[in-house]
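Last residue of the sequence shown? That's 247 in UniProt numbering, and every number before it is there in order. Backbone N, C-alpha and C fix where the C-beta goes; we use that ideal spot for every residue, glycine too. One structure is given here, and the rest of the page talks about it.
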Amino acid sequence: MNKVVLITGASRGIGKACALLLAEQGFDIAINYHQQKEQAQQLCNTIEAMGRKAEIFQADVSQELEVDTLFANIKTTLGPVSHLVNNVGILLPQMPVTQMSAARINRILSVNVTSAFLCAKAAIAHMQHHPTQSCAIVNISSAASRLGAPHEYVDYAASKGAMDSFTTGLSLELASQGIRVNAVRPGFIATDIHQDGGEPERLKRVAPMIPLGRAGQPYEVASAVAWLLSNHASYVTGAFIDLAGGK
Ligand code: NAP
């Protein structure tokens with residue numbers, strides 16, 4: 001049975017880089033997107049041109065019914081999911097905690113955290129169809145879980161703290177089934193997310209404060225994700241890889 005990886009939020013940024021690298025490494029790719037159908041389709045075409053299988057799937061992964069439909073559609077087209085990258089994450093404009101509304105906080109938590117629970121739950125059911133495959137999940141957390149993102153996005157940082165606890169707990173729940181669960185904690189990666197956070201030039205501002213002196217690139221995160229999903233990491237579970245240039 002083929003290795004099928006679902007990458008949530010793969011139309012751009014880190015998700016897209018993961019899709020390209022995992023396709024190179026022999027996975028069939030389920031590309032989830034929310035709004036950017038054209039970008040998702042272009043990525044799908046590129047992967048097919050590499051001789052690999054890929055399909056695009058629109059879904060808001062913070063919504064339970066949409067996640068159920070997403071997994072049913074993947075099973076029909078590519079086969080059951082054997083690997084999952086919980087990549088979706090959003091930032092909202094920078095502000096101090098004193099100005100954050102309940103609506104904003106709940107949106108961050110549902111897109112950044114609930115989505116990961118829902119996708120993991122559905123993926124675990126698919127993984128039972130891959131008894132001989134070493135199934136694995138990688139959660140995309142953030143250096144913000146350690147740094148707190150004061151005056152900018154404490155809500156986002158707290159959502160990533162939740163992803164860290166989720167990774168630890170789920171890895172222990174699934175260890176006896178041989179399903180590995182790990183996380184990467186990137187920081188300061190050159191993607192569009194900083195524009196959504198209201199400061200497109202943020203990486204230029206923070207670069208001098210990063211020990212390696214520069215922002216990271218999406219492919220640098222993707223290589224850690226690919227390693228954690230691979231059999232080279234067969235004894236690694238409940239682990240975190242920090243990818244923040246030394247921060
Ligand atoms: P990005 O470029 O803004 O891309 C976000 C992706 O998520 C897009 O593909 C978007 O889809 C998708 N998405 C958003 N809401 C969705 C939803 N409700 N359902 C399904 N898909 C949804 O982000 P990125 O920088 O690559 O970030 C990827 C992950 O890395 C996130 O978890 C982020 O928190 C984490 N991270 C990023 C950095 C960084 O500096 N960039 C640092 C640390 C951690 P559409 O485009 O189709 O709408």
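The way I'd put it, the stretch 29-40 doesn't touch the stretch 149-160; fewer than three beta-carbon pairs between them come closer than 8 Å.
In the same chain as GLU64, and ignoring 5 residues on each side of it, the C-beta atoms closer than 8 Å to its own belong to LEU118, in chain order. Residue state for LEU92 is assigned as coil, using DSSP reduced to three classes. Fewer than three beta-carbon pairs drawn from the stretch 42-52 and the stretch 98-111 are found closer than 8 Å, and the two stretches are therefore not classed as touching.
Sixteen is the threshold: since fewer than 16 other Cβ atoms of the shown chains lie within 10 Å of the Cβ of TYR235, the residue is exposed. Non-local C-beta neighbours of LYS53 in its own chain, meaning closer than 6 Å and more than five positions away in sequence, comprise ASP28, ordered along the chain. When the beta-carbon positions are compared, VAL67 and VAL88 stay at least 8 Å from each other.
With three or more CB-CB distances shorter than 8 Å, the stretch 237-246 counts as touching the stretch 210-225.
A residue is called buried once 16 or more other Cβ atoms fall within 10 Å of its Cβ, and ASN231, having fewer, is exposed. At a cut-off of 7 Å, the beta-carbon of TYR33 counts as near the ligand NAP: some heavy atom of the ligand is closer than that. ASP164 sits in a helix when the DSSP states are folded into three classes. The DSSP-derived three-state label of ILE74 is helix. Judged by the Cβ position, GLY9 qualifies as a neighbour of the ligand NAP at the 7 Å threshold, a heavy atom of the ligand being closer than this. Per DSSP, the unbroken alpha helix (DSSP H) holding HIS126 starts and ends at 115-127. Considering only SER82, HIS83, ALA30, the residue with the shortest C-alpha distance to ALA59 is ALA30. If you draw a straight line from the Cα of SER134 to the Cα of VAL221, it is about 21 Å long. Counting only runs of 4 or more residues that sit fully inside the stretch 180-222, the alpha helix (DSSP H) segments are 193-196, 202-206, in chain order. Distance from the Cα of ALA175 is smallest, within the candidate group ALA158, GLY238, ALA226, for GLY238. Sequence-distant Cβ neighbours of VAL4 in its own chain, meaning closer than 6 Å and more than five residues away, are ASP28, LEU78, GLY79, VAL81, SER82. For SER142, the shortest C-beta to heavy atom distance toward the ligand NAP is below 7 Å.
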